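Chains Z and L, in that order, give the protein sequences.
Taking the working numbering, the leading residue of the first sequence gets 1, the next gets one more, and so forth.
Taking the working numbering, the leading residue of the second sequence gets 1001, the next gets one more, and so forth.
We put the CB at the ideal spot given by N, CA and C, even for glycine.
Predicted, not measured: the structure shown is a model, and the values here were computed from it.
For reference, the structure discussed in these notes is given below.
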Amino acid sequence: MDILDKIFTLLIFPGGLFLLILGLAYEWVDRKLLAQLQNRIGPRWFQPLADVIKLLAKEEVIPEGVNPWLFIGLPIIALAGSLTAALYTPLVGLPPSHSFPGDLIVTVYLLSLLTLCMGLAGSNTLDRFSLMGATRTLTQLFSYEAPFMLSLLGPAIVVGSWRIADITSYTENHWLLLSQPIGFLVALIGLIGKLEMPPLDAPEAETEIVAGAMTEYSGRGYALFRLAKGAELVVGLTLVASFYMGGMANPLLFLLKTLLLLLVMVGLQTLITRLRIDQTVGLWWRYGTLLVLVQWLGMIIWKGVAS
Amino acid sequence: MESKRQDERFIIPIGPQHPALKEPAHFRITVDGEIITNAVVRLGYAHRGIEKATESRNWVQNIYLVERICGICSHIHATAYCLGVERLAGVEVPPRAQTLRVLVAELERIHSHLLWLGVAAHEAGFDTLFMYSWRDRETVMDLLENVSGNRVNYSVNLLGGVKIDIDNQISDTIREGLAFLEERTLHYLDVVSNDMAFLQRTRGIGVLTRSQADVLGCVGPVARASNVPRDVRVEAPYGAYQQYPVNIVLVEKGDLEARFIVRLKELLESYRIIREILDTLPPGELTTRMPRRIKEGETISRVEAPRGELFYFIKSNGTDTPERVKVRTPTICNMLSVLKLAVGHQLADLPMILAGIDPCFSCNDRVAIIDHRRKSPEIWTWQDLRQYGIEYYNGHSR
Chain Z
1 MDILDKIFTL LIFPGGLFLL ILGLAYEWVD RKLLAQLQNR IGPRWFQPLA DVIKLLAKEE
61 VIPEGVNPWL FIGLPIIALA GSLTAALYTP LVGLPPSHSF PGDLIVTVYL LSLLTLCMGL
121 AGSNTLDRFS LMGATRTLTQ LFSYEAPFML SLLGPAIVVG SWRIADITSY TENHWLLLSQ
181 PIGFLVALIG LIGKLEMPPL DAPEAETEIV AGAMTEYSGR GYALFRLAKG AELVVGLTLV
241 ASFYMGGMAN PLLFLLKTLL LLLVMVGLQT LITRLRIDQT VGLWWRYGTL LVLVQWLGMI
301 IWKGVAS
Chain L
1001 MESKRQDERF IIPIGPQHPA LKEPAHFRIT VDGEIITNAV VRLGYAHRGI EKATESRNWV
1061 QNIYLVERIC GICSHIHATA YCLGVERLAG VEVPPRAQTL RVLVAELERI HSHLLWLGVA
1121 AHEAGFDTLF MYSWRDRETV MDLLENVSGN RVNYSVNLLG GVKIDIDNQI SDTIREGLAF
1181 LEERTLHYLD VVSNDMAFLQ RTRGIGVLTR SQADVLGCVG PVARASNVPR DVRVEAPYGA
1241 YQQYPVNIVL VEKGDLEARF IVRLKELLES YRIIREILDT LPPGELTTRM PRRIKEGETI
1301 SRVEAPRGEL FYFIKSNGTD TPERVKVRTP TICNMLSVLK LAVGHQLADL PMILAGIDPC
1361 FSCNDRVAII DHRRKSPEIW TWQDLRQYGI EYYNGHSR
């Protein structure tokens, strides 16, 4: 019975299938809201699902000059990465299904796996748009990764534990958004960068490099990458919302807070022009990282004074 | 293969098919990392042989043919053609018809500039501005439909006049539409000159100095954004522009921001002209008689298309078909500036620099053969062309 329960957790709910569907639903919310704010109608509710089904049914063209194992394997690893990360996060307001001390670090790295896989997938091909896209993807990874991680470690310092379950049980009574506004902002923008959403979508800027690292992917591989992105969107929103926005004790709060966060992200997507890759790097290393470090310093001093 | 790629330069092909291009053209962009070190263009993918086709149609049929050179500025092509033919025939067009031509030309300029605003914003990754400006463009397209019956290819011109007329009801509709558009244009002017994120992508990017613009022979808004006072409506007013003078819009800086500001300010100027026309539209006939055969002779006509100076050379041999119609569209004049400006900029800036001239590739594609080895026959037969094609591709095959 225990085994069945575990398999259910892994494959159906809250991980696996449920997470994939939730990811598609959030992708739809994102697209629909963006469309509405841009004075468009936007897709119907089943469009992301329809896209994925269509992509899965399409022939996957493996271009010449690539390593076929990498080409097929990378999307699977990316999807596995974001699905695994979900196991340590308090999805739908439930406590994480797995937990151990230090799982925050593991989760953050699992979340980076998607970007890493996309970068590798791009540099695996001979296509020039892919190569440019891969370079930009990895450049962007190196620029937002450190501040994003620092911003997630901020709450960990306050709680004194690197275990997500501990942090969320603390934040249920504390809105860290108020005491660490910079960390929240950096985490939010870091999430946009991680998911390569506008305005930080230079790695897949279609008017310059077509689809960036994803240019050569057509069928199943592309579908898996999209599913992984959807899952990562949910996991990322859950992490940021539960850390900074007063935790989430039940599914209703989960929906409310993640959707609110998504709305803010869509607002940023609507209002801001795409940044060039050098501007992105500048943004993170000139402002993002420094501000988070300053906040960190303040927190450490405050802790020292208070104790 | 890997080792071979290393000593080759890294060339990014933009086009013939590419999301940044609305029409086929081929740019070979050599990059060093993100920095462009060389840019080469190859045009001609959409050559349609319209100039040659005019020679097998009569003078009236050609109006409808030249209107189709450009889908966006169709009216101004027909106007340039009609002005030339009317001058050859020695026919004076009634003042009301001339004024109506200017009215439609300015409406078309509004439509073209709003379209450009959206495209340029999209190239920068600012899709919100793209969607909003294209929504507002619907207003002016509805106005054009109201005036002429068509949203594109308005087909307003006739040889010797126009075929539309406007009454009070239509002019009220136009005034209403303009009031809305003016409010929106002021808002966009505010956005492109104050939105910090957008300015990061436009301010100081693609700076074309005044002397460069002069030397490269830029025309239209690109030249005016570099403070070169070049506007056919002002320099050589044609048609009713003598009665409705245009205030030239000049900006000094020459960067992408300046190109945005020039075009948006020109919109405001167009609104002013249209309002003035609606207030003081002269009464009278719409058409005058036109001979079927045009007297022998040749002429040029220059008009200001939304993208810059449009040039027509028309030669008649006294029959009912032209002997030669030569068209030079503004894009070809501005294309050099793209190649010049691209070098040294980042790859991410290229789509915007290209969009900055408002390129219209299908309009500018021409055949120009310069071959010093041949004994330069002036007329190429079909066999000559075929032989040339075979030799060309044998010589260029990889």
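For residue i, the first and last residue of its enclosing beta strand (DSSP E)
i: Pro-90/Z; result: From DSSP, Pro-90/Z is part of no beta strand (DSSP E); its letter is neither H nor E.
i: Ser-1301/L; result: 1297-1305
i: Pro-1322/L; result: 1322-1328
i: Ser-1316/L; result: 1308-1316
Euclidean distance between Cα positions of residue i and residue j
i: Gly-190/Z; j: Lys-1340/L; result: 37 angstroms
i: Cys-1333/L; j: Gly-1206/L; result: 17 angstroms
i: Ala-50/Z; j: Ala-223/Z; result: 11 angstroms
i: Ser-1003/L; j: Thr-273/Z; result: For Ser-1003/L, the predicted model reports a pLDDT of 40, less than 50, meaning its position is unreliable; a value from the coordinates is still stated below. Spanning the two alpha carbons is a distance of roughly 39 angstroms.
i: Ile-12/Z; j: Ala-165/Z; result: 21 angstroms
i: Met-1001/L; j: Leu-126/Z; result: In this prediction, Met-1001/L scores a pLDDT of 36, lower than 50, which makes its location untrustworthy; the coordinate-derived value is nonetheless stated afterwards. Computed Cα separation, rounded: 10 angstroms.
i: Pro-1229/L; j: Pro-1359/L; result: 20 angstroms
i: Asp-1320/L; j: Val-1232/L; result: 29 angstroms
i: Arg-44/Z; j: Tyr-26/Z; result: 13 angstroms
i: Ser-1148/L; j: Ile-182/Z; result: 57 angstroms
i: Ile-1174/L; j: Met-1141/L; result: 11 angstroms
i: Gly-364/Z; j: Phe-225/Z; result: This structure gives no information on residue 364/Z, because the portion of chain Z shown stretches from 1 to 307.
i: Glu-1285/L; j: Lys-1295/L; result: 24 angstroms
i: Ala-1355/L; j: Leu-1115/L; result: 11 angstroms
i: Arg-1048/L; j: Ile-72/Z; result: 44 angstroms
i: Thr-942/L; j: Ile-1050/L; result: Shown here, chain L extends from 1001 to 1398; a query on residue 942/L therefore has no answer.
i: Gln-1006/L; j: Glu-1138/L; result: Low confidence applies here, because Gln-1006/L scores a pLDDT of 48, under 50, leaving its location unreliable and the question unanswered by this model.
i: Leu-24/Z; j: Pro-48/Z; result: 6 angstroms
i: Lys-6/Z; j: Ala-231/Z; result: 20 angstroms
i: Asp-103/Z; j: Asp-2/Z; result: 23 angstroms
i: Leu-271/Z; j: Leu-185/Z; result: 16 angstroms
i: Ile-1012/L; j: Arg-136/Z; result: 15 angstroms
i: Ser-1211/L; j: Trp-175/Z; result: 59 angstroms
Bounding residues of the alpha helix (DSSP H) (the contiguous stretch that carries residue i)
i: His-1075/L; result: 1074-1089
i: Cys-117/Z; result: 103-124
i: Ile-299/Z; result: This sequence places Met at residue 299/Z; Ile is not what is there. Note, Met-299/Z: alpha helix (DSSP H), 289-306.
i: Leu-185/Z; result: 181-194
i: Thr-270/Z; result: 251-271
i: Trp-1116/L; result: 1095-1123
i: Asp-1214/L; result: 1210-1215
i: Asn-1064/L; result: The displayed chain sequence assigns Tyr, not Asn, to residue 1064/L. Counting along the chain, the alpha helix (DSSP H) containing Tyr-1064/L begins and ends at 1059-1067.
i: Asn-1146/L; result: 1127-1148
i: Cys-1363/L; result: 1361-1364
i: Val-1194/L; result: Looking at the sequence provided, one finds Asn at residue 1194/L rather than Val. Start and end: 1168-1194.
i: Ala-25/Z; result: 16-37
i: Gly-230/Z; result: 220-244
i: Arg-1233/L; result: 1232-1235
i: Pro-48/Z; result: 47-57
Which residues DSSP lists as bridging residue i, in chain order
i: Ile-1029/L; result: Ile-1012/L, Ala-1039/L
i: Gln-1387/L; result: None; Gln-1387/L has no bridge partner.
i: Tyr-215/Z; result: For the sequence presented, residue 215/Z should be read as Thr rather than Tyr. Paired residue(s): none; Thr-215/Z is not in a bridge.
i: Gly-1220/L; result: Bridge partners of Gly-1220/L: none, in fact.
i: Asn-1157/L; result: Val-1162/L
i: Thr-171/Z; result: DSSP output for Thr-171/Z lists no bridge partner at all.
i: Gln-1242/L; result: Partner(s): none; Gln-1242/L has no beta bridge.
beta-carbon residue i near the ligand MN non-hydrogen atom, thresh 7 angstroms
i: Gly-1161/L; result: Within the structure as shown, the ligand MN is missing, as the structure has no ligands at all.
Residues from the stretch 1123-1154 of chain L in contact with chain Z, defined by Cβ distance under 7 angstroms: Glu-1123, Ala-1124, Gly-1125, Phe-1126, Asp-1127, Thr-1128, Met-1131, Tyr-1132, Arg-1135
Stretch pair the stretch 132-149 of chain Z + the stretch 105-123 of chain Z: three plus CB contacts closer than 8 angstroms: yes
Decide if the stretch 1063-1072 of chain L is in contact with the stretch 1264-1274 of chain L; the criterion is three or more beta carbon pairs, one per stretch, under 8 angstroms apart. no
Using a Cβ-Cβ cutoff of 8 angstroms, what residues of the stretch 66-79 of chain Z are near chain L? List them in chain order. none
What are the residues in the stretch 27-50 of chain Z lying within 8 angstroms of chain L by C-beta distance? Leu-37, Gln-38, Asn-39, Arg-40
Is it a yes or a no for the stretch 121-137 of chain Z touching the stretch 210-220 of chain Z, going by three-plus beta-carbon pairs under 8 angstroms? yes
Across the stretch 1025-1036 of chain L and the stretch 1334-1353 of chain L, are there enough close Cβ pairs to call them in contact, namely three or more that are closer than 8 angstroms? Cβ pair count under 8 angstroms is three or more, so yes.
Tell me whether the stretch 166-173 of chain Z and the stretch 234-247 of chain Z touch, counting them as touching only if at least three CB pairs, one residue from each stretch, are closer than 8 angstroms. At 8 angstroms Cβ cutoff, the stretches touch.
Under 8 angstroms, with one C-beta from each stretch per pair, do the stretch 1153-1163 of chain L and the stretch 1180-1200 of chain L reach the 3-pair mark? no
Please list the residues of the stretch 1231-1260 of chain L that have a C-beta atom closer than 8 angstroms to any C-beta atom in chain Z, keeping them in chain order. The stretch 1231-1260 of chain L vs chain Z, Cβ under 8 angstroms: nothing.
Count the CB pairs spanning the stretch 1300-1319 of chain L and the stretch 1091-1102 of chain L that are closer than 8 angstroms, and state whether there are at least three. no
Assess contact between the stretch 1012-1024 of chain L and the stretch 1322-1336 of chain L, defined as three or more Cβ pairs (one per stretch) separated by less than 8 angstroms. Is contact present? Contact between the stretch 1012-1024 of chain L and the stretch 1322-1336 of chain L is absent, with fewer than three C-beta pairs closer than 8 angstroms.
Do the stretch 1216-1228 of chain L and the stretch 1161-1168 of chain L meet, that is, are 3 or more Cβ pairs less than 8 angstroms apart? no
If the cut-off is 8 angstroms on Cβ atoms, which residues from the stretch 76-110 of chain Z count as contacting chain L, listed in chain order? Against chain L - using a Cβ distance shorter than 8 angstroms - the stretch 76-110 of chain Z contributes no residues.
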